[in-house]
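When we follow full-length UniProt numbering, the leftmost residue of the sequence shown carries the number 1, and every step to the right adds one.
A short write-up of the structure that comes next.
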Amino acid sequence: MDRIVNPKQVYTYEQLVKDITKLKQKFPDLIQVEVIGHSIENRKLYALKLGKGDREIFINGAHHAREWLTTALLMVMVETYSEAFKNNQKIGGFDVKEILSKTSIWFVPMVNPDGVALVQNGEQTMSNANQLLELNNGSKDFSSWKANIHGVDLNRQYPADWENIQNDPGKPASAMYKGPSPLSEPETKSIYDFTIAHNFELAVAYHSSGEEIFWKYRSNGDLLRQSKKIADMISKKTGYSLIFPGPNPSGGGFTDWFLDSLKKPGFTIEISPLVGPRPVPISFFDKIWNENKEVGIMLAKEAVNPF
Ligand SMILES: [Zn+2]
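Encoded structure:
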């Protein structure tokens with residue numbers, strides 16, 4: 001079968017744009033494409049809606065620049081579910097057509113396209129190339145970069161106990177800087193606005209690496225019980241471990257905010273065995289896909305019934 005998305009390559013922003021266009025052409029009734037904002041360098045922040053259901057869930061990837069394999073993962077997920085819907089095939093035990101007639105999955109596969117471009121192509125095309133080199137200690141190897149090109153860590157930007165985020169360097173850096181204020185960056189403001197404009201039953205943020213699931217943050221009561229139940233399902237499906245945070249977890253992450261403010265389950269899933277500060281090798285993709293291929297459709301099914 002001819003596939004549009006090829007995850008066995010350095011998966012760039014340009015490739016993402018091409019693949020989104022082709023997927024929309026191939027599945028015009030099933031996929032809806034929206035531009036929900038722009039990056040600092042004016043790259044488009046794409047959202048894809050897959051499905052025809054009224055209930056909605058949200059899955060995003062690549063908040064962190066070096067974690068671009070999560071974008072490839074989500075694009076393969078979009079295409080695989082679209083094919084299954086069209087051909088009336090099941091994935092695992094899941095009836096894709098039935099589930100995606102009740103629930104729609106919104107994907108934002110690349111939250112941080114400038115950062116991804118920096119990791120993959122270096123600083124030369126960036127408008128602030130000199131500043132970026134300085135922040136990278138003069139090195140032209142940006143493969144360990146996590147932030148956006150302002151040097152702000154986009155997963156420390158959300159208004160969930162932002163004031164008390166731990167281990168903040170206090171100035172722009174390749175990672176960990178929470179920014180001058182919550183949602184100061186166009187990428188996170190766009191995700192925030194998009195999220196509150198919808199009524200998502202749950203959300204997932206894909207990251208790498210470590211084969212772990214963050215699911216709890218500061219939830220309690222019914223939300224804690226619901227979250228634990230779904231986290232166990234994801235853990236069983238992927239083999240990844242649940243993280244049990246201490247009494248005072250550092251906030252600012254997308255799913256921290258989603259849990260804390262919207263009071264709905266939110267899961268940060270770290271794909272791949274630990275690889276240290278670099279992109280996950282493409283050679284790990286098949287293993288990662290096998291672990292995660294049912295996650296989106298399983299969660300869409302969970303959201304069919306109100307929590
Ligand atoms: Zn990350």
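Ideal Cβ positions, reconstructed from N, Cα and C, are used throughout, including at glycine.
query                                                                                                                                                               : result
Could you check whether the Cβ of Asn155 sits closer than 7 Å to any heavy atom belonging to ligand 1?                                                              : yes
Determine the closest residue to Asn148 out of Glu163, Asp256, Gly115, with distance taken between C-alpha atoms.                                                   : Gly115
Look at the alpha carbon of Ile20 and the alpha carbon of Pro186, and state the distance between them as a whole number of angstroms.                               : 22 Å
Within 10 Å of its beta-carbon, does Phe244 have 16 or more other beta-carbons around it, so buried, or fewer, so exposed?                                          : exposed
Using DSSP bridges, identify the partner residues of Phe200.                                                                                                        : Glu56
For ligand 1, is there any heavy atom lying closer than 7 Å to the beta carbon of Glu67?                                                                            : yes
Under 8 Å between the Cβ atoms of Glu56 and Ser104?                                                                                                                 : yes
Quick check: the Cα distance between Met75 and Leu50, rounded to an integer number of angstroms?                                                                    : 11 Å
Starting from Ala47, follow its DSSP beta bridges and name the residues at the other end.                                                                           : Glu34
Helix or strand or just coil, what does DSSP make of Lys90?                                                                                                         : strand
Do you know whose CA, among Ala231, Asn121, Asn112, Val33, lies nearest Val78's CA?                                                                                 : Val33
Look at the alpha carbon of Glu211 and the alpha carbon of Ile282, and state the distance between them as a whole number of angstroms.                              : 16 Å
Please list the segments of the alpha helix (DSSP H) lying wholly inside the region 142 to 212, counting only runs of 4 or more residues, in order along the chain. : 186 to 197
Consider the C-beta atom of His150 and the heavy atoms of ligand 1; say whether any pair is separated by less than 7 Å.                                             : no
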